[in-house]
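In our numbering, the protein residues as written are 273 to 625. Below: one structure, written as structure tokens.
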């Protein structure tokens with residue numbers, strides 16, 4: 273009975289694992305739903321390795337069954353021995369070498385292609401270069417050529433290579449957009465570089481919104497270190513850049529309630545958060561996300577719905593939602609009226625209608 277119970281438990285977990293393997297969560301979160309050139313290459317490599325492994329398993333199982341049936345013991349006679357057969361030794365040595373070559377050649381070729389970032393290193397490059405900076409537990413994105421900075425939502429054009437400089441401001445993290453391409457570490461002592469490309473058609477199918485996250489265990493809120501990626505056409509991207517560049521001074525509040533919120537922001541939040549896209553602070557002073565276009569985001573703190581009530585809950589007690597975050601305890605406790613005013617101001621920070 274105990275043995276039967278164990279098999280039932282194993283069967284239950286096997287079925288559960290099979291069901292969960294089909295879950296994709298938000299749009300285009302899975303690496304098995306590629307949406308760009310890099311993701312396509314990596315997906316093809318995954319399929320190739322899977323085909324090879326499944327093929328080896330099937331052939332081995334077939335040989336096992338044939339031998340089991342054909343050479344089962346019928347009497348006491350010892351079958352013909354094949355020890356020292358040069359033919360067999362050549363076969364079982366040549367086949368693994370051939371399989372390794374089948375796997376190695378496209379893998380090495382793809383590795384060199386994905387590592388080619390010489391275009392971004394040119395002095396007057398026309399390529400789009402984005403400096404990604406990881407923090408506990410959020411991201412900021414600097415566009416040095418456009419002289420703008422945003423946080424938590426990365427905006428990129430489709431159908432062209434986008435180059436990234438990756439660096440961490442505290443501990444090791446890993447930059448990963450599953451639908452666009454495989455992860456790369458952000459380190460504190462060196463800058464990693466790579467490129468991604470987003471396909472316009474598949475971006476449209478995903479609503480032009482992708483999901484990114486940290487893929488390196490970095491602390492208690494590692495699983496909540498998320499960001500969103502807006503993949504839009506080059507024309508729309510240029511429009512967004514222009515709108516961001518036009519914001520020279522902090523946006524003024526549009527209502528009396530928002531004006532009260534702006535006063536609270538200037539007294540309690542401005543020391544850490546910027547509300548202009550231009551990065552006027554030194555790199556080491558980026559201690560909190562840039563909020564210039566906060567009202568246009570799709571998430572609060574990268575994980576909550578972009579609603580006023582959720583924003584108030586986040587400001588009131590961020591530790592509840594992201595344990596170990598650096599925002600906890602950095603400002604005085606606020607009343608409900610102050611929270612309402614501050615949320616009103618933040619939700620109105622937009623650069624595009």
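Even glycine gets a Cβ: it sits at the ideal position worked out from N, Cα and C.
Residue state for residue 357 is assigned as coil, using DSSP reduced to three classes.
Per DSSP, reduced to three states, the secondary structure at residue 284 is helical. Within the DSSP bridge table, the entry for residue 564 names no partner.
Per the coordinates, the alpha-carbon of residue 493 lies some 10 Å from the alpha-carbon of residue 486.
The beta carbon of residue 532 is closer than 7 Å to those of 613 in its chain, skipping five residues each way along the sequence. The shortest C-alpha to C-alpha distance from residue 475 to any of 306, 579, 289 and 570 is the one to 306. With at least 16 other beta carbons inside 10 angstroms of its own, residue 525 counts as buried. Pairing residue 539 with residue 599, the inter-Cα distance amounts to about 15 Å. Residue 617 and residue 391 have their C-alpha atoms roughly 41 Å apart. A Cβ-Cβ contact shorter than 8 Å links residue 434 with residue 468. Per the DSSP secondary-structure output, residue 605 pairs with nothing in a beta bridge. Contact check between the stretch 416 to 424 and the stretch 448 to 466: fewer than three CB pairs, one atom from each, fall below 8 Å, which does not count as touching.
Residue pairing for residue 429: DSSP places it in a beta bridge opposite 504.
The DSSP-derived three-state label of residue 449 is strand.
Taken through DSSP and simplified to helix, strand or coil, residue 278 comes out as helix. Here residue 342 carries a helix assignment [DSSP, helix/strand/coil]. Between residue 466 and residue 456, the C-beta spacing is below 8 Å.
Here residue 560 has 544 and 545 as same chain residues with Cβ atoms under 6 Å from its own Cβ, once five neighbours each way along the sequence are excluded. The Cβ atoms of residue 430 and residue 447 do not sit closer than 8 Å to each other.
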